[in-house]
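Single-structure report; data block below.
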Amino acid sequence: MASAEWPRSNMLWRWFTEPRWRDSVEPTARHESTSHSLVADLRVTLAPQCENTDALELWHRLLAVSDYFARTWAEHRATAEPCAPKRIEHDDVGRIDLETTVVRSTISTQRLVLMQPARSDQLSAERLSRLVR
Numbered sequence: 000m001a002s003a004e005w006p007r008s009n010m011l012w013r014w015f016t017e018p019r020w021r022d023s024v025e026p027t028a029r030h031e032s033t034s035h036s037l038v039a040d041l042r043v044t045l046a047p048q049c050e051n052t053d054a055l056e057l058w059h060r061l062l063a064v065s066d067y068f069a070r071t072w073a074e075h076r077a078t079a080e081p082c083a084p085k086r087i088e089h090d091d092v093g094r095i096d097l098e099t100t101v102v103r104s105t106i107s108t109q110r111l112v113l114m115q116p117a118r119s120d121q122l123s124a125e126r127l128s129r130l131v132r
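Read in order, the letters of the sequence shown are residues 0 to 132 in numbering that gives the first Met the number 0.
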């Protein structure tokens, strides 16, 4: 995804504009809760820094191209689940289950989302390592 041009390189963009990609990174049963979590996180990002032109541009573009995003945004839910586990269905290696941790900077608005297999999940760790070889 690093080679994709903005906004396609943004996970939020892909989640709301590419249903096939969304299906590959999260079970369908979790789509609604994940969508609301992502939108809630965007609200938290936009609120204290309304001059953040990249975030505002992303928000405007998503409202323009994604009815799914617009509907989710309009519901005004404020709860978030930023550390929910993720499941990726990869065509080459199969299912990879990941734990998620969000690390927020105390001196800037940046955050780092870390995803890694659970320590007890050797199969997901092996599948993930095959992708980076």
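Glycine included, every Cβ here is placed at the ideal spot set by N, Cα and C.
Small disclaimer: the values here were computed from a predicted structure and weren't measured.
Judging by CA-CA distance, which residue of Arg86, Gln109, Leu97 and Asp91 is the nearest neighbour of Thr27?
Translated into the one-based positions of the sequence shown, residue 27 becomes position 28. Answer by Cα proximity: Arg86.
Is the beta carbon of Glu88 less than 7 Å from the beta carbon of Ser23?
Within the sequence shown, residue 88 is the residue found at index 89, counting from 1. Within the sequence shown, residue 23 is the residue found at index 24, counting from 1. In this structure, Ser23 lies closer than 7 Å to Glu88 by Cβ.
DSSP three-state label for His75, please.
By one-based count along the sequence shown, residue 75 stands at place 76. Residue state, collapsed to three classes: coil.
Beta-carbon proximity check, Arg132 vs Val92, cutoff 7 Å
Looking up residue 132 in the sequence shown gives position 133. Looking up residue 92 in the sequence shown gives position 93. For Arg132 and Val92, no; Cβs fall outside 7 Å.
Using only the alpha-carbon positions, how far apart do Phe68 and Thr99 sit?
Taking the sequence shown and counting its residues from 1, the one referred to as residue 68 is at position 69. Taking the sequence shown and counting its residues from 1, the one referred to as residue 99 is at position 100. Phe68 and Thr99: Cα-Cα distance of roughly 23 Å.
Taking the straight line between their C-alpha atoms, what separation do you get for Asn9 and Arg118?
If you number the sequence shown from 1, residue 9 lands on position 10. If you number the sequence shown from 1, residue 118 lands on position 119. Distance between the alpha carbons of Asn9 and Arg118 is about 28 Å.
Determine the DSSP secondary structure at Gln115, reduced to helix, strand or coil.
In the sequence shown, the residue the question calls residue 115 occupies position 116. Reduced to three states, the DSSP call for Gln115 is strand.
Are there 16 or more other CB atoms within 10 angstroms of the CB of Leu41, so buried, or fewer, so exposed?
Position 42 of the sequence shown, counted from the first residue, corresponds to residue 41. Counting Cβ neighbours within 10 Å, Leu41 comes out buried, since at least 16 surround it.
Check for me: the alpha helix (DSSP H) holding Glu31 runs from which residue to which?
Taking the sequence shown and counting its residues from 1, the one referred to as residue 31 is at position 32. Element bounds for Glu31: His30 to Leu45.
When the distance is taken between beta carbons, is Val101 closer than 7 Å to Arg94?
Walking along the sequence shown from the start, residue 94 turns up at place 95. Walking along the sequence shown from the start, residue 101 turns up at place 102. Cβ atoms of Arg94 and Val101: not closer than 7 Å.
Rounding to the nearest angstrom, what Cα-Cα distance links Thr33 and Pro116 in this structure?
Reading the sequence shown from its first residue, position 34 is the one you call residue 33. Reading the sequence shown from its first residue, position 117 is the one you call residue 116. Answer to the nearest angstrom: the Cα atoms are 19 Å apart.
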